[in-house]
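Heads up, the sequence shown is in UniProt numbering, so the first residue is 1 and it goes up one at a time.
Heads up, the beta-carbon is just placed ideally off N, CA and C, and yes, glycines get one too.
No experiment lies behind these values; they were computed from the predicted model shown.
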Amino acid sequence: MKDLFSQGSDLYRQARPQYSTAIVDTILQHVPERGLTWDCGAGSGQFTQLLTPHFQQILATDLSQAQLDQAPQWENVRYRACLAQDSGLADASVDLITVAQAIHWFNFDAFYAEVHRVLKPSGIFAAVGYGLIQAVDPEVNTAIQRLYFQTLKGCWDAERRYIDDLYRTIPFPFQEIVTPELCLKYRWSAAQLLNYLNTWSGLQHYLKQHTDTPLLELQQLLQQQPAQGLEIQFPVLLRLGRLV
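Right under this line is the structure:
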């Protein structure tokens, strides 16, 4: 498992999109018990915070202690820095296991062995994520696409392909539950958009190899945007499953 987000963890917490309650509601429809959930790859708690009203206890784990240090504190949440496959939880003890925007970095075989060990027979596994950002403004959207597919070509880690494939190609050794299509929608300022793009691992890899900024075209284009901000959206990636 790679740790690409310890550096700049504060920016990651501030700039990454917030998940919607619609995602959580969709998952919880299939979770009969609400005792313990494990949020793996929790980062700075973006998804963990949406689970707190619904479970008696939550274990939130991440490889990066720097990310976990950015997470808010709740009485029913315990944070632990560890590998994804080292939860330390008891056999068949977990009602829900979630992984938000992180499973593509995991060692699938080792992690899924841990999932099968700790998940209750009635429990649910949920892989959550979001795909490539889309701007409603066609000119801005074209510039984002050009940045992603052309300027940063060769700068992305191989695991990024799983997001490009909308998580359809990740190994998924579960009985799958069909879910509705969901989308995250926001109105962002130019500064918010640029901050988000600066959290891209591919962009950070680019900056290690070049002296120029790959965001120049977008910076110039965004100077012309209206003060009320940009309409942007992300396709939600969601795969739910039960133990086979």
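- In the three-state reduction of the DSSP assignment, Y186 falls in the strand class.
- Ranked by Cα distance from L197, the options Q134, A110 and N107 are led by Q134.
- Measuring C-alpha to C-alpha distances from S201 to each of L182, A190 and I163 identifies I163 as the nearest.
- Across the structure, A113 and Q85 are spaced so that their CA atoms are roughly 8 Å apart.
- Secondary-structure assignment with DSSP links P235 through a beta bridge to C183.
- G45 is the residue among N76, H116, G45 and A90 whose C-alpha sits nearest the C-alpha of Q65.
- Within the same chain, Cβ atoms closer than 6 Å to the Cβ of A110 are found at Q85, the five residues on either side in sequence being excluded.
- Judged by beta-carbon spacing, T98 lies within the 8 Å limit of V128, meaning their Cβ atoms are closer than that value.
- Contact holds between the region 133 to 147 and the region 206 to 224, because three or more Cβ pairs, one in each stretch, are under 8 Å apart.
- The distance from the Cβ of L89 to that of W38 is about 6 Å, consistent with a contact at the 8 Å cut-off.
- In this model, Q145 and Y186 are separated by some 18 Å (Cα to Cα).
- In the DSSP assignment, Q175 falls within the beta strand (DSSP E) that extends over Q175 to I177.
- Excluding the 5 residues flanking it on each side, E217 has same chain C-beta neighbours closer than 6 Å at A143, in chain order.
- If you ignore the 5 residues before and after V115, its C-beta comes within less than 7 Å of the C-beta of I97 and F125, all in its own chain and listed in chain order.
- In the DSSP assignment, P121 falls within the beta strand (DSSP E) that extends over L119 to Y130.
- R242 carries a strand assignment under DSSP once its states are collapsed to helix, strand and coil.
- Distance from the CA of I232 to the CA of C183, rounded to the nearest whole angstrom, comes to 10 Å.
- DSSP, read as helix, strand or coil, puts V94 in strand.
- Annotated three-state conformation of L218 is helix, per DSSP.
- Residue pairing by DSSP puts Y79 in a beta bridge opposite A60.
- In the structure shown, T151 adopts helical secondary structure according to DSSP, grouped into three states.
- For S122, the closest alpha carbon among the candidates D95, W105, R239 and A100 is that of D95.
- Fewer than three Cβ pairs drawn from the region 59 to 73 and the region 16 to 28 lie within less than 8 Å of each other, which leaves the two stretches out of contact.
- Per DSSP, L166 lies in no alpha helix (DSSP H) segment and is marked neither H nor E.
- In the DSSP assignment, the residues bridged to Q134 are Q233.
- Nearest in C-alpha terms to L203, of all of F55, L238, Q175 and K153, is K153.
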